[in-house]
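Engineer: Here it is, the structure in full.
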Amino acid sequence: MEGMVEIRWHGRGGQGVVTASELLAEAALLEGKFFQALPEFGAERSGAPIRAYTRLGPEPIQIHYAIAEPDVLVILDPTLLDTPGLTQGLKPEGLILVNTTASPDQVRSLLGATAGAVYTLDASAIAQRAIGRPIPNVPLLGALLTLLPLVALPSLRESIQRRLQGRLSPAVVEGNLRALEEGAQAVRREQSPHNGIPSFREPSPAAVAQAAPVWSALDPGGVILRPGSSIDYETGSWRSERPVINWDRCTHCMLCWVYCPDSCFSVQGQRLVDLDYTHCKGCGICANQCPPKCIEMVPELVFQEG
Amino acid sequence: MPLNLRELSAKEDLLAPGHRLCAGCTESIVVRQVLLAIQEPVVVACATGCLEIGTSPFPFTSWRVPWIHVAFENAAAVISGVETAQRSLVRQGKLPDRPVRFLAFGGDGATYDIGLQWLSGALERGHHFTYICLNNEAYMNTGIQRSSATPRGGWTTTSPVGKVIPGKREPRKDITAIMAAHNIPYVAQATPHGWKDLMTKVRKAVAVDGPSFINVLSPCTRGWRHELDEGIELSKLAVDTCIWPLFEVESGVWKLSHRPSRKKPILEWIKSQGRFSHLLRPENQHLVEELQVEVDHDWEKLLRRCDAGGPL
Amino acid sequence: MTQTRVMKDTLATSPRVVALNGASLVAEAIRQTDPDVVAAYPITPQTILMEAFSQMVADGRVRTELVTVESEHAAMSVLIGACAAGARVQSATSGAGLAFMWELLWCASGMRLPIVMHLVSRSLSAPLNILGDHSDVMGARDTGWVQLFAEDGQEAYDNALQAVRIAEHPEVLLPVMSAQDGFSISHSVERAEVLPDELVRSFIGTYAPAHSLLDIERPATFGANDDRQFFALHKRQQYEAMERALGVVSAVGQEYGDLTGRSYGLLEAYRLKDAELAVVLMGSAAGAARAAVDKLRAARVPAGLLKLRLYRPFPAAAVAQALAGKRAVAALDRSAIFGAQGGALFLDVCSALATHGAAPRMLSYVYGLGGRDTVPSHVEQVFRDLEAVAREEPALPAQRFLGLD
Ligand SMILES: Cc1ncc(C[n+]2csc(CCOP(=O)(O)OP(=O)(O)O)c2C)c(N)n1
């Protein structure tokens with residue numbers, strides 16, 4: 003498996019994570035290379051962080067497992083940057099490409115001294131201009147191919163055309179091709195350049211070890227004895243916009259409370275007192291339904307940046 | 009406890025946050041409202057589907073009430089077993105006699121399609137339970153496939169819009185009337201927007217001596233292709249367009265719960281969701297007209313059933 | 070009249086000797102174990118069992134809530150719900166009814182619910198056939214249920230009582246399927262001993278599950294979904310419970326013997342110790358096989374019989390030990406599994422012998438499909454075949470069909 007490259011994609015449902023992994027694979031097909039694109043499935047719904055994997059190589063690929071020690075990480079959603087374990091397993095010589103307005107050095111300071119050379123691209127903005135929706139996958143593919151010649155840009159153009167033609171309007175197909183070119187041009191590098199593609203190796207046992215209690219410690223039959231334990235699972239990172247309450251105008255009518263899908267409004271003595279941002283997924287139903295319109299949805303990046 | 013939000017807000021939320029339902033999902037809103045309405049202890053059975061998967065990924069559970077999931081089709085049978093166990097154990101003196109309410113939640117797939125036999129059987133046997141259909145008009149858990157609740161003309165991945173077929177061709181099944189035809193004590197339709205109407209109906213449903221059924225329209229951002237914040241708004245529009253009338257059938261008597269002051273045209277409903285966007289093409293205009301005829305016909309039929317020609 | 074009957078049942082202190090068919094004996098066992106909830110759906114040949122029990126309910130002879138569901142799938146659904154709610158539950162079915170439950174058999178075992186199901190085994194369509202064979206029970210062999218086979222009505226009755234103890238044993242907590250052969254056992258009236266109600270009651274004790282849906286103060290979540298991290302752990306745990314059932318089945322069989330004089334182990338060897346040729350089978354054909362062994366022994370053929378009582382978990386060590394040193398062994402399966410190298414029982418016996426280092430010559434037979442009778446001369450033919458392979462005569466086809474070759 004000499005010469006094989008392993009890419010791990012991180013994003014959210016709806017951002018084209020799986021599509022990106024597949025477009026690259028299809029471009030490899032056009033070039034007679036070998037490939038594998040593999041989505042990871044879980045109980046998560048749209049908005050939740052998801053992953054996908056792509057392998058590309060000069061020889062047939064026989065392995066079928068999740069990529070634990072990738073050569074490349076592509077982060078489609080900047081709000082994922084503070085997710086614990088995001089860069090886990092990335093090879094020291096690896097590469098990180100992030101969709102963000104921030105510079106590579108800013109991202110580096112966020113990620114700390116984790117492995118890899120950092121590159122950034124404001125892919126959402128490019129997509130917004132090109133196709134009218136901030137779907138970052140295609141511009142990121144353009145950027146990735148300038149950094150690593152995994153396949154030639156024309157092959158990817160063709161895989162995009164094949165996939166989209168007939169399903170989307172010609173304008174949107176054209177827009178995607180423009181977004182691809184623009185992504186290739188606009189990628190920003192870190193001060194210290196990275197040193198090429200590492201060679202493939204099997205994942206270390208530590209990387210694939212699944213932290214889990216021993217089977218004998220579980221209650222028989224998978225019964226869960228801690229009611230409401232999902233409160234320990236934070237869904238706040240799903241959010242790209244945050245509801246902010248103007249308390250001065252709040253009438254405590256409680257409609258936000260009764261319409262919240264995630265039980266995020268806390269009430270004390272018949273008055274709203276708090277909003278649980280560790281679980282709020284940012285759907286905006288509260289803002290939409292608030293009679294005095296005292297809830298505003300503010301982009302999450304505003305908070306991340308300042 | 010009166011049905012007033014400030015009073016209700018003192019109650020513990022029996023569905024914990026941290027579940028994995030989509031942002032903007034209305035299923036959890038409905039579940040919260042149902043659990044808030046009920047004043048007695050409840051036991052819940054849940055069919056396979058978004059709600060089940062989203063609220064019980066081991067080792068996490070969002071449920072603060074006893075809860076069981078077994079399979080896709082059999083939630084009604086499972087809860088009828090739980091209810092039977094309670095009756096048996098209480099009668100034998102093995103459990104203290106206290107009022108417990110038994111609930112089953114199922115999506116429209118679980119209710120209209122694969123689970124209809126189990127639901128019908130449990131209703132006929134007369135178990136004391138309330139079945140709540142979270143009707144998002146398609147199989148969402150498996151990625152938006154058509155169900156018999158999907159409206160005519162609706163796009164899903166198995167009723168796609170193609171060169172020759174414009175979405176689902178068949179009209180939806182009137183499951184609420186089928187449930188009413190079981191002659192059970194209580195049947196109703198509701199929406200999460202009408203929280204008070206829904207909670208009132210839930211209280212009536214759990215109080216009757218026998219089975220009851222409530223069909224709750226539950227907009228789905230992914231499947232209906234609408235913005236994340238529009239679920240509640242759309243559940244109101246469904247009522248205003250008479251696509252989803254609010255009514256109840258109490259001991260066989262049909263009653264309209266709400267009459268829209270001005271019945272909005274179906275076109276507003278169609279324009280509000282991406283799953284119908286193809287219907288706005290000129291070549292599909294006749295479908296919109298046909299749908300309007302269908303809605304009008306169903307609405308008139310309902311009014312006749314409710315014998316509510318005059319003001320409510 | 071009902072009243073006096075109850076009194077009589079309760080007061081009896083020594084076993085009653087009765088003339089009942091297998092189905093009625095199991096109905097009697099259900100009555101004596103007095104489950105909190107029974108849910109069942111009629112299907113031949115189980116129907117007479119369900120009818121008999123329905124009458125007991127109608128006469129007030131049990132405290133059971135009987136749920137007359139609209140299908141077997143619903144029967145199992147009701148039992149899963151009721152069992153998770155802390156009730157002691159039982160059902161009975163046959164053939165297509167068991168097949169219809171298939172999805173839920175996995176749910177019941179995966180959720181570790183001690184449900185007891187009485188099976189009156191029957192073939193599976195098509196062609197439609199309502200008669201006895203083991204297609205149904207063997208089809209469910211990998212579903213995580215403990216499986217017991219009875220040779221006659223007495224064993225079906227005894228197994229039915231022990232099944233409750235095995236299922237509810239805290240080391241096991243698995244559903245148990247207790248099978249008797251359709252018609253040949255279920256419908257044949259034979260002499261049997263029925264225990265006094267009191268004795269049954271004290272033998273099975275009370276059921277006190279650790280968690281229950283009706284424990285309102287301690288809300289538990291049953292039937293959650295597992296990601297790739299946890300699923301394998303739960304299955305690993307389930308494996309272990311199944312292994313532990315081996316010891317529990319033996320211990321319960323022993324205890325039952327101490328009470329009744331009828332002890333049960335995992336298997337029963339007949340003239341096997343000094344045999345060189347052995348037949349392995351389960352169910353009602355064991356009697357015909359014994360007759361064949363006796364006849365051959367009289368003619369100095371070293372024949373012996375191994376009858377399995379427990380099929381799941383497969384008592385591999387005990388089987389290997391019982392068959393150690395035999396020259397040739399035939400396994401007789403009363404069900405057809407297509408495309409495999411021999412019947413299901415055959416494959417299990419082969420693997421038990423291979424993993425324990427024994428290597429007799431092996432033959433696989435399918436017999437008794439769809440109600441065909443098995444008579445001593447059929448089994449004699451098996452021993453003749455075994456003699457031939459033991460003498461290294463030209464190999465017979467791997468799969469043989471009793472009476473049809
Ligand atoms: C017997 C069986 N068939 C199919 C499935 C796959 N499946 C699981 S959930 C589901 C659809 C659920 O749709 P619905 O009941 O409408 O609920 P929703 O997820 O939309 O809330 C399907 C098809 C299954 N679990 N079991």
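Chains as they are written, first to last, in our numbering: chain A, 3 to 308; chain B, 9 to 320; chain C, 70 to 474. We put the beta carbon where it would ideally sit given N, CA and C, even for glycine.
Out of A:G5, A:N101 and A:I52, point me to the one whose CA is closest to A:G59's CA.
Structural biologist: Taking the first sequence and counting its residues from 1, the one referred to as residue 59 of chain A is at position 57. Nearest of A:G5, A:N101 and A:I52 to A:G59, Cα basis: A:G5.
Engineer: Please list, in chain order, the residues of the segment 269 to 300 of chain A that have any C-beta partner in chain B closer than 7 angstroms.
Structural biologist: Within the segment 269 to 300 of chain A, the residues whose Cβ lies closer than 7 angstroms to some Cβ of chain B are V269, Q272, D278, H281, K283, G284, C285, G286, I287, A289, N290 and Q291, listed in chain order.
Engineer: What I want to know is whether the C-beta of B:I122 ends up closer than 7 angstroms to one or more non-hydrogen atoms of ligand 1.
Structural biologist: The residue given as residue 122 of chain B occupies position 114 in the second sequence. Indeed, a heavy atom of ligand 1 lies less than 7 angstroms from the Cβ.
Engineer: With A:C288 as the anchor, note down where its alpha helix (DSSP H) starts and where it stops.
Structural biologist: What you label residue 288 of chain A is simply residue 286 of the first sequence in a count that begins at 1. Element bounds for A:C288: I287 to Q291.
Engineer: Which one or two residues does DSSP pair with A:V269 in a beta bridge?
Structural biologist: Stepping through the first sequence from its first residue, residue 269 of chain A is reached at position 267. Answer by DSSP bridge pairing, in chain order: A:L274.
Engineer: Following the continuous alpha helix (DSSP H) through C:D227, name the residue where it begins and the one where it ends.
Structural biologist: By one-based count along the third sequence, residue 227 of chain C stands at place 158. From DSSP, the alpha helix (DSSP H) with C:D227 extends over G222 to E237.
Engineer: Please name the residue in C:L471, C:E220 and C:L455 whose C-alpha comes closest to that of C:V398.
Structural biologist: Numbered from its first residue, the third sequence carries residue 398 of chain C at position 329. Measuring from the Cα of C:V398, the nearest candidate turns out to be C:L455.
Engineer: State yes or no: is the C-beta of B:A31 nearer than 7 angstroms to some heavy atom of ligand 1?
Structural biologist: Counting from 1 along the second sequence, the entry for residue 31 of chain B is found at position 23. Every heavy atom of ligand 1 is 7 angstroms or more from the Cβ of B:A31, so no.
Engineer: Once the 5 residues before and after B:E60 are set aside, which same chain residues still bring their CB inside 6 angstroms of it?
Structural biologist: Reading the second sequence from its first residue, position 52 is the one you call residue 60 of chain B. For B:E60, where only same-chain residues beyond five positions count, the Cβ hits under 6 angstroms are C54 and H77.
Engineer: Within 8 angstroms (strictly less), CB to CB, does A:W249 reach chain B?
Structural biologist: On the first sequence, residue 249 of chain A is found 247 positions in, with the first residue counted as 1. No, because no Cβ of chain B sits closer than 8 angstroms to the Cβ of A:W249.
Engineer: What's the C-alpha gap between C:A129 and C:A98?
Structural biologist: Within the third sequence, the letter at position 60 stands for residue 129 of chain C. Within the third sequence, the letter at position 29 stands for residue 98 of chain C. First, the amino acid is wrong: residue 129 of chain C is Gly here, not Ala. Taking the straight line joining both Cα atoms gives about 16 angstroms.
Engineer: Is it the case that the Cβ atoms of C:K395 and C:L346 are separated by a distance below 8 angstroms?
Structural biologist: Taking the first residue of the third sequence as 1, we reach residue 395 of chain C at position 326. Taking the first residue of the third sequence as 1, we reach residue 346 of chain C at position 277. Contact: yes.
Engineer: Straight-line CA distance for A:E28 to A:T103?
Structural biologist: For the purposes of this step, residue 28 of chain A is identified with residue 26 of the first sequence, where counting begins at 1. For the purposes of this step, residue 103 of chain A is identified with residue 101 of the first sequence, where counting begins at 1. Their backbone Cα atoms lie some 29 angstroms apart in a straight line.
Engineer: Distance, Cα to Cα, C:L302 vs B:V261?
Structural biologist: By one-based count along the third sequence, residue 302 of chain C stands at place 233. By one-based count along the second sequence, residue 261 of chain B stands at place 253. The alpha-carbon atoms of C:L302 and B:V261 are separated by roughly 53 angstroms.
Engineer: Hey, how far is the Cα of C:F169 from the Cα of C:A144?
Structural biologist: Against the third sequence, residue 169 of chain C aligns to sequence position 100. Against the third sequence, residue 144 of chain C aligns to sequence position 75. C:F169 and C:A144: Cα-Cα distance of roughly 10 angstroms.
Engineer: Given 8 angstroms as the limit, is there contact between the segment 320 to 328 of chain C and the segment 427 to 440 of chain C, that is, 3 or more CB pairs closer than that?
Structural biologist: no
Engineer: How many angstroms separate the CA atom of A:H281 from the CA atom of C:L268?
Structural biologist: Looking up residue 281 of chain A in the first sequence gives position 279. Looking up residue 268 of chain C in the third sequence gives position 199. So the alpha carbons of these two residues sit roughly 57 angstroms apart.
Engineer: Counting only C-beta atoms, is A:P106 closer than 8 angstroms to chain B at any point?
Structural biologist: For the purposes of this step, residue 106 of chain A is identified with residue 104 of the first sequence, where counting begins at 1. A:P106 does not count as touching chain B.
Engineer: With a CB to CB cut of under 7 angstroms and the five nearest residues on each side skipped, what residues in its chain are close to B:D21?
Structural biologist: What you label residue 21 of chain B is simply residue 13 of the second sequence in a count that begins at 1. Shown here for B:D21: same chain residues with a beta carbon closer than 7 angstroms to its own, the five before and five after excluded, namely R40 in chain order.
Engineer: According to DSSP, B:C54 sits in a beta bridge with which residue or residues?
Structural biologist: Walking along the second sequence from the start, residue 54 of chain B turns up at place 46. Within the DSSP bridge table, the entry for B:C54 names B:H77 and B:F113 as partners.
Engineer: Can you find the residues in the same chain that come closer than 8 angstroms, C-beta to C-beta, to B:P107, ignoring five residues on each side of it along the sequence?
Structural biologist: For this step, residue 107 of chain B is matched to residue 99 along the second sequence. Within the same chain, B:P107 has close Cβ partners E48 and P49.
Engineer: Return the CA-CA distance between C:V189 and C:R305, expressed in angstroms with no decimal places.
Structural biologist: Stepping through the third sequence from its first residue, residue 189 of chain C is reached at position 120. Stepping through the third sequence from its first residue, residue 305 of chain C is reached at position 236. Computed Cα separation, rounded: 31 angstroms.
Engineer: Nearest-angstrom Cα distance between C:S93 and C:G439?
Structural biologist: Translated into the one-based positions of the third sequence, residue 93 of chain C becomes position 24. Translated into the one-based positions of the third sequence, residue 439 of chain C becomes position 370. Looking at the two C-alpha atoms, the distance is approximately 22 angstroms.
Engineer: How is the beta strand (DSSP E) around A:W11 delimited, first residue to last?
Structural biologist: Taking the first sequence and counting its residues from 1, one reaches residue 11 of chain A at position 9. First-last of the beta strand (DSSP E) with A:W11: V7 to R14.
Engineer: Which term fits A:E243, buried or exposed, when burial requires 16 or more other beta carbons within 10 angstroms of its beta carbon?
Structural biologist: Residue 243 of chain A sits at position 241 when you count from the first residue of the first sequence. Buried, by the Cβ-count rule.
Engineer: Have a look at B:P104, B:I152, B:R133 and B:L142 and flag the residue whose alpha-carbon is nearest the alpha-carbon of B:G115.
Structural biologist: Indexing the second sequence from 1 puts residue 115 of chain B at position 107. When only C-alpha atoms are compared, the closest one is B:L142.
Engineer: Would you mind working out which of A:G223, A:L277, A:C292 and A:W259 sits nearest C:W175, comparing C-alpha positions?
Structural biologist: As a working note, residue 175 of chain C is residue 106 in the third sequence. Considering only alpha carbons, the answer is A:G223.
Engineer: With a cut-off of 8 angstroms on the beta carbons, I'd call B:G57 and B:N149 a contact; round off their distance for me.
Structural biologist: Within the second sequence, numbered from 1, the residue matching residue 57 of chain B stands at position 49. Within the second sequence, numbered from 1, the residue matching residue 149 of chain B stands at position 141. B:G57 to B:N149, Cβ: 5 angstroms. Contact.
Engineer: So, at 8 angstroms on beta carbons, what are the nonlocal neighbours of B:L29 in its own chain, with the 5 sequence-adjacent residues on each side left out?
Structural biologist: Here residue 29 of chain B is taken as the residue at index 21 of the second sequence, counted from 1. If we look at B:L29 and ignore the five residues flanking it on each side, its Cβ neighbours are E35, S36, C58, L59, G62 and T63.
Engineer: So what does B:F221 bridge to, in DSSP terms?
Structural biologist: As a position in the second sequence, residue 221 of chain B is number 213, starting the count at 1. Paired residues: B:Y139 and B:V195.
Engineer: Quick one: what's C:L131 bridged to in DSSP?
Structural biologist: Position 62 of the third sequence, counting from 1, holds the residue named residue 131 of chain C. According to the sequence shown, residue 131 of chain C is Val rather than Leu. Beta-bridge pairing links C:V131 to no other residue.
Engineer: Exposed or buried, what is C:R287 when buried is set at 16 or more other beta-carbons lying within 10 Å of its beta-carbon?
Structural biologist: If you number the third sequence from 1, residue 287 of chain C lands on position 218. Under this definition C:R287 is an exposed residue.
Engineer: Can you give me the C-alpha to C-alpha distance between C:P239 and C:R181, rounded to a whole angstrom?
Structural biologist: Working through the third sequence from its first residue, we reach residue 239 of chain C at position 170. Working through the third sequence from its first residue, we reach residue 181 of chain C at position 112. Taking the straight line from one Cα to the other gives about 10 angstroms.
Engineer: Using 8 angstroms as the threshold, is the C-beta distance between A:D264 and A:K283 below it?
Structural biologist: As a first step, residue 264 of chain A is located in the first sequence; it is residue number 262 there, counting from the start. As a first step, residue 283 of chain A is located in the first sequence; it is residue number 281 there, counting from the start. Closer than 8 angstroms, so yes.
Engineer: Between which two residues does the beta strand (DSSP E) carrying C:E262 extend?
Structural biologist: In the third sequence, counting from the first residue as 1, residue 262 of chain C sits at position 193. Start and end: V258 to V263.
Engineer: Is B:K176 closer than 8 angstroms to B:A157 when the C-beta atoms are compared?
Structural biologist: For the purposes of this step, residue 157 of chain B is taken as residue 149 along the second sequence, with counting starting at 1. For the purposes of this step, residue 176 of chain B is taken as residue 168 along the second sequence, with counting starting at 1. Their beta carbons are not under 8 angstroms apart, which means B:A157 does not touch B:K176 by this criterion.
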